[in-house]
Amino acid sequence: MDRFVIEGGRPLRGELRVSGSKNAALPMLAAALLADGESVLHNVPALRDVDSMIELLGSMGARVTRSGTTVTIDPAPLATAEAPYEFVRKMRASIYVLGPLLARFGRARVSLPGGCAWGPRPVDLHIEGMRTLGAAIELDHGYIDARATSLLGKRIVLDVVSVGATANLMMAACLAEGTTSIVNAAREPHISALGSFLVEMGAQIQGLGTDVVTIEGVARLSPAEHSVRPDYIEAGTMAIASAVTGGDLLLRDFPMEDCRPMMALLGDSGVSLERVDRDEAVETVRIRRRGPLSAVSVTTAPHPGFPTDMQAQLMAMLALGSGTSVITEAIYPDRFSHVPELRRMGARIELHGNVAVVEGVERLAGAPVMATDLRASAAMVLAGLVAEGETILRRVYHIDRGYEAIEKKLRSVGAEIRREK
Ligand code: UD1
Numbered sequence: 003m004d005r006f007v008i009e010g011g012r013p014l015r016g017e018l019r020v021s022g023s024k025n026a027a028l029p030m031l032a033a034a035l036l037a038d039g040e041s042v043l044h045n046v047p048a049l050r051d052v053d054s055m056i057e058l059l060g061s062m063g064a065r066v067t068r069s070g071t072t073v074t075i076d077p078a079p080l081a082t083a084e085a086p087y088e089f090v091r092k093m094r095a096s097i098y099v100l101g102p103l104l105a106r107f108g109r110a111r112v113s114l115p116g117g118c119a120w121g122p123r124p125v126d127l128h129i130e131g132m133r134t135l136g137a138a139i140e141l142d143h144g145y146i147d148a149r150a151t152s153l154l155g156k157r158i159v160l161d162v163v164s165v166g167a168t169a170n171l172m173m174a175a176c177l178a179e180g181t182t183s184i185v186n187a188a189r190e191p192h193i194s195a196l197g198s199f200l201v202e203m204g205a206q207i208q209g210l211g212t213d214v215v216t217i218e219g220v221a222r223l224s225p226a227e228h229s230v231r232p233d234y235i236e237a238g239t240m241a242i243a244s245a246v247t248g249g250d251l252l253l254r255d256f257p258m259e260d261c262r263p264m265m266a267l268l269g270d271s272g273v274s275l276e277r278v279d280r281d282e283a284v285e286t287v288r289i290r291r292r293g294p295l296s297a298v299s300v301t302t303a304p305h306p307g308f309p310t311d312m313q314a315q316l317m318a319m320l321a322l323g324s325g326t327s328v329i330t331e332a333i334y335p336d337r338f339s340h341v342p343e344l345r346r347m348g349a350r351i352e353l354h355g356n357v358a359v360v361e362g363v364e365r366l367a368g369a370p371v372m373a374t375d376l377r378a379s380a381a382m383v384l385a386g387l388v389a390e391g392e393t394i395l396r397r398v399y400h401i402d403r404g405y406e407a408i409e410k411k412l413r414s415v416g417a418e419i420r421r422e423k
């Protein structure tokens, strides 16, 4: 297993480009199953999760080719409509094939994902939603076994705002007969992005970016070509890397709209964002800190709230803020595996249920650390970049799931970080 060796204390200076969004690319790859013919996705990031999704589609018989950041997917003729346990275990987003398979082929067998590093993470809303659309679903030997001769549009109310369930139901509803409305839908940027791709394929969708998404079913979708938008979580992580190291980074392809809620909070803590150049939806911004970083309090929430996927990275930054910050994790109450590791580096953090109280300290000290999930790993890299001395981060494969060549990008702006086998 690879590890990162980081020598902390180097301010990051220079220019970085934000890669394509993992959480937008994954459902789009699955959505390509909905059309007969070859869909093309550009700006697909080179990530382990993307590899896993491509392998999964290939294992079902789809023809998938990749050249640089362009991926071409042709589902026909699909040999099997099954997502086996070995794929779903590696990557929960494998569940995104459920909706497309059911809608297009009338059959899907997808392993139940089970728990994850930060809690149970059920998929009941995906299953109940598909049942509402008319699918017959049995849970059998750890699998979701779903069949439908046809799907019928319905009103689906999600009890909890779920990114995954919204995406899966949107994809299924595109080929259902009649109108589906998803109430209390997720509004994350990757949901709107998936919706735009589906519209380009010929779907009729209204209300993207709001909490009621309405889909008028069509008989068929056509293949489409789409460029994946930049990743706002990577953008936010790099913004923190600049601020926490006292650096000065230019971030290209910065998805300003998507980042707004996150940057507002970082701004309160003393992170300055200056717009340098604008090209349609993406911009080049300059990120620095105005002075010492101050304490802030935040509760994670669905978009447009502060993203749970940035909670760990924010905590690494606030560990060095002046004063006491309070971070409440409202989406995944157990998502705190980074806390004991940050403490080992000298951070003062107390946990009370899903609330972390962070007492800022003057410095962190490098240490051997380990992270057990993707964003926690990113937090440890951030802490390592600013800590005194050497930090060794084990189990880097988590970070490879969601950050494209992170050590190369960081090295190019002055970080001392290397990968060891
Ligand atoms: C997606 C993201 C993940 C992010 C999360 C929340 C992808 C590939 N992953 O995960 O990075 O952390 O959104 O922004 O995009 N829930 C249920 N029943 C369900 C589904 C969800 O109770 O059937 C609950 C979850 O336990 C959680 C909340 O809903 O408390 C939000 O989860 P959800 O938005 O579904 O997360 P994912 O789509 O799995």
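When you read off a place in the sequence shown, starting at 1, and then add 2, the result is the number in our numbering. No residue lacks a Cβ here, since even glycine has one placed at the ideal position from N, Cα and C. It should be emphasised that the depicted structure is a prediction, and the values quoted were computed from it without experimental measurement.
- Judged by the Cβ position, Ile333 qualifies as a neighbour of ligand 1 at the 7 Å threshold, a heavy atom of the ligand being closer than this.
- Residues of the same chain with a CB within less than 6 Å of the CB of Leu295, apart from the 5 flanking positions on each side, are Ser271, Gly272, Gly323 in chain order.
- Remark: the C-beta of Asn25 is in contact range of ligand 1, defined as less than 7 Å to any heavy atom.
- For Pro257, the closest alpha carbon among the candidates Val246, Asp279, Ser244 is that of Asp279.
- Ligand 1 approaches Ala188 closely enough that one of its heavy atoms is under 7 Å from the residue's Cβ.
- For Glu218, no alpha helix (DSSP H) encloses it; the enclosing beta strand (DSSP E) starts and ends at 214 to 218.
- Spatial neighbours of Gly121 in its own chain (CB-CB distance under 6 Å, excluding positions within 5 residues in sequence) are listed in chain order as Tyr334, Asp336.
- Under the 8 Å Cβ criterion, the region 34 to 43 counts as touching the region 95 to 114, having at least three qualifying pairs.
- In the structure shown, Leu210 falls within a coil segment according to DSSP collapsed to helix, strand and coil.
- When the alpha-carbon of Ala148 is set against those of Gly155, His128, Val163, the nearest one is in His128.
- Taking all protein chains in view, the Cβ of Ala175 is crowded by 16 or more other Cβ atoms within 10 Å, so the residue is classified as buried.
- Assignment of Gly16 by DSSP, reduced to helix, strand and coil, places it in the strand class.
- Taken from the Cβ of Thr310, at least one heavy atom of ligand 1 lies inside 7 Å.
- With a threshold of 7 Å, the Cβ atom of His143 does not count as near ligand 1, since no heavy atom of the ligand is closer than that.
- DSSP lists Ile8 as the bridge partner or partners of Thr393.
- Its Cα nearest to that of Ser183, the residue Lys156 stands out among Lys156, Glu88, Asp126.
- For the beta strand (DSSP E) assignment, the uninterrupted runs of no fewer than 3 residues enclosed by the region 101 to 178 are, from N- to C-terminal side, 109 to 113, 138 to 142, 145 to 149, 157 to 159.
- Under the DSSP assignment, Val90 falls in the alpha helix (DSSP H) whose first and last residues are 87 to 92.
- Relative to ligand 1, Pro124 has its C-beta within less than 7 Å of a heavy atom.
- For the options Thr310, Lys92, Val220, Gly101, the alpha carbon positioned closest to that of Thr168 is the one of Gly101.
- When DSSP assignments are scanned along the region 21 to 54, the uninterrupted stretches of alpha helix (DSSP H) that are 4 or more residues long and fall wholly within it turn out to be 24 to 33.
- Within its own chain, the residues whose Cβ lies closer than 7 Å to the Cβ of Asp375, once the five positions on either side in sequence are excluded, are Ala119, Trp120, Ser339, His400, listed in chain order.
- DSSP places Leu251 in the strand class (E or B) of the three-state scheme.
- Remark: the shortest separation between the CB of His128 and any heavy atom of ligand 1 falls under 7 Å.
- Set against 7 Å, the gap from the CB of Ser229 to the closest heavy atom of ligand 1 is not smaller.
- The nearest non-hydrogen atom of ligand 1 is less than 7 Å from the C-beta of Ser164.
- Ranked by how close their Cα comes to the Cα of Val415, the residues Arg19, Ser54, Glu392, Leu320 have Arg19 in first place.
- Annotated three-state conformation of Thr71 is coil, per DSSP.
- Asp375: not part of any alpha helix (DSSP H); DSSP gives it neither H nor E.
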